[in-house]
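Q: Could you have a look at this structure, given as structure tokens, before my questions?
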Amino acid sequence: MSTIHTNLRAVQQQIAHAAQLAGRMVNEIKLLAVSKTVSPETILEATRAGQIAFGENYVQEALDKMAKLHQISPDTTIEWHFIGPIQSNKTRLIAENFSWVHSVDRLSIAERLSKQRPTNLPPLNICVQVNISEEETKSGVPLGQVAKLVQQIATLPGLKLRGLMAIPEPADTLEQQRAPYQQMKQLREQLNEVGLALDTLSMGMTADLDAAILEGSTIVRVGTAIFGKRNYG
Ligand SMILES: *Cc1c(COP(=O)(O)O)cnc(C)c1O
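Right, here's the structure in full:
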């Protein structure tokens, strides 16, 4: 087996183990392979090991890779997720080329994605990014503004509101890692109680996968554990 294949199996085992500890079904948790900085050839290798969903942070980098992959392997189908900060002049390319966007943090961006989603494609799956650690520098909606934004997005055509995403401040212990994810879980429950049907919590990366799954994550976004250390991003 290649390194990528071995790494993917190890991450899948870690997910299965955490799910078991949490008393959850492993098939409730989707593995998103975060492929920023990773070459198209390596992405292809991961698809050959069975990986389907890939996450990218930079629009141009992602489009270049999509084009290259189409060239070298036209039959490979990939589910592309956009997970990076969104500039308004990039929304059209995102709406046209991705299946999911995890990082929506304001209404104007959602409205543009809604208008620009081609009608021949299925609705664009949307998660609202929550600034759960309330960091000044981090993107994401402050906790107090999530409910309003989520309700507004739910009415927009061309979009399918799926849930919430967060990138908490790094923390060392499992307990510290769980705290913000527990808040996310409660937030989703509160929103569902008022009639929204959020089925997704996009949370957990290489360093805090277990904590996220223990708190109900349904999509874990993993880069380093699959592809190795990056030089940027
Ligand atoms: C880079 C990135 C990840 C993956 O991080 P790793 O620590 O390499 O697993 C997940 N989510 C987002 C939003 C990222 O930018």
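Counting from 132, one number per residue, gives the positions in the sequence shown under my numbering.
Beta carbons: idealized from backbone N, C-alpha and C, even for Gly.
Just so you know, these numbers come straight off a predicted model, no measurement behind them.
Identify which residue in Ile-350, Ala-141, Lys-269, Thr-173 has its Cα closest to the Cα of Ile-160.
A: Your numbering for residue 160 matches position 29 in the sequence shown. Ile-160 has its Cα closest to that of Ile-350, out of Ile-350, Ala-141, Lys-269, Thr-173.
Q: What are the boundary residues of the alpha helix (DSSP H) that Ile-203 is part of?
A: Locating residue 203 in the sequence shown gives position 72, where the first residue counts as 1. Per DSSP, Ile-203 belongs to the alpha helix (DSSP H) from 190 to 203.
Q: Beta-carbon separation of Val-281 and Gly-271 under 8 Å?
A: Here residue 281 refers to the residue found at position 150 when the sequence shown is read from its first residue. Here residue 271 refers to the residue found at position 140 when the sequence shown is read from its first residue. Not in contact: Val-281 and Gly-271 (Cβ atoms no closer than 8 Å).
Q: Classify Lys-167 as helix, strand or coil using the three-state DSSP reduction.
A: By one-based count along the sequence shown, residue 167 stands at place 36. Reduced to three states, the DSSP call for Lys-167 is coil.
Q: On the premise that Leu-318 lies in contact with Leu-290, defined as a C-beta separation below 8 Å, what is that separation, rounded to the nearest angstrom?
A: Counting from 1 along the sequence shown, the entry for residue 290 is found at position 159. Counting from 1 along the sequence shown, the entry for residue 318 is found at position 187. Wrong, their Cβ atoms sit about 20 Å apart, outside the cutoff.
Q: Is the Cβ of Ile-183 closer than 8 Å to any Cβ of chain B?
A: Considering every chain present, this structure includes no chain B. It has just one protein chain.
Q: Please report how far the alpha carbon of Gln-321 lies from the alpha carbon of Lys-246, in whole angstroms.
A: Taking the sequence shown and counting its residues from 1, the one referred to as residue 321 is at position 190. Taking the sequence shown and counting its residues from 1, the one referred to as residue 246 is at position 115. So the two alpha carbons sit approximately 29 Å from each other.
Q: Please report the Cβ distance between Pro-299 and Ser-264, rounded to the nearest whole angstrom; I am assuming they are in contact, meaning their Cβ atoms lie under 8 Å.
A: The residue labelled residue 299 in the question sits at position 168 within the sequence shown. The residue labelled residue 264 in the question sits at position 133 within the sequence shown. Yes, Pro-299 and Ser-264 are in contact; Cβ-Cβ is about 5 Å, under 8 Å.
Q: Using a threshold of 8 Å, state whether the C-beta atoms of Ala-141 and Ile-344 are closer than that.
A: As a position in the sequence shown, residue 141 is number 10, starting the count at 1. As a position in the sequence shown, residue 344 is number 213, starting the count at 1. The answer is no: Cβ separation not under 8 Å.
Q: Following a CB-centred definition, is Asn-256 positioned closer than 7 Å to any heavy atom of ligand 1?
A: Position 125 of the sequence shown holds residue 256. No, the beta carbon of Asn-256 sits no closer than 7 Å to any heavy atom of ligand 1.
Q: Could you pull out every unbroken alpha helix (DSSP H) segment of at least 4 residues lying fully inside the segment 268 to 344, listed in chain order?
A: As far as the segment 268 to 344 is concerned, its whole alpha helix (DSSP H) runs of at least 4 residues are 277 to 285, 305 to 324.
Q: With a threshold of 16 other CB atoms inside 10 Å of the CB of Ile-284, please say whether the residue is buried or exposed.
A: Stepping through the sequence shown from its first residue, residue 284 is reached at position 153. Flag for Ile-284 reads buried.
Q: Which whole-angstrom value is the C-beta distance of Ile-203 and Pro-171, which I expect to be below 8 Å?
A: By 1-based counting over the sequence shown, the position of residue 203 is 72. By 1-based counting over the sequence shown, the position of residue 171 is 40. Ile-203 to Pro-171, Cβ: 7 Å. Contact.
Q: Give the DSSP-derived three-state secondary structure of Ile-209 in the structure shown.
A: In the sequence shown, residue 209 corresponds to position 78, counting from 1. Residue state, collapsed to three classes: coil.
Q: Tell me which residues share the same chain as Lys-199 and place their Cβ nearer than 8 Å to its Cβ, disregarding the 5 neighbours each side in the sequence.
A: For this step, residue 199 is matched to residue 68 along the sequence shown. If we look at Lys-199 and ignore the five residues flanking it on each side, its Cβ neighbours are Pro-171.
Q: Output the boundary residues of the alpha helix (DSSP H) element that contains Phe-358.
A: Looking up residue 358 in the sequence shown gives position 227. Segment 355 to 358, the alpha helix (DSSP H) holding Phe-358.
Q: Keeping to the same chain, check which residues put their C-beta closer than 8 Å to that of Arg-293; ignore five residues upstream and five downstream.
A: Counting from one through the sequence shown, the residue named residue 293 turns up at place 162. Closer than 8 Å at the Cβ level, and outside the excluded window around Arg-293, lie Trp-231, Asn-256, Ile-257, Cys-258, Leu-329, Asp-330, Thr-331.
Q: Quick check: what's the CA-CA separation for Ala-342 versus Gly-154?
A: Stepping through the sequence shown from its first residue, residue 342 is reached at position 211. Stepping through the sequence shown from its first residue, residue 154 is reached at position 23. So the alpha carbons of these two residues sit roughly 13 Å apart.
Q: Pull up the distance between the alpha-carbon of Ala-164 and that of Ile-357, whole angstroms please.
A: Your numbering for residue 164 matches position 33 in the sequence shown. Your numbering for residue 357 matches position 226 in the sequence shown. Roughly 7 Å separates the two Cα atoms.
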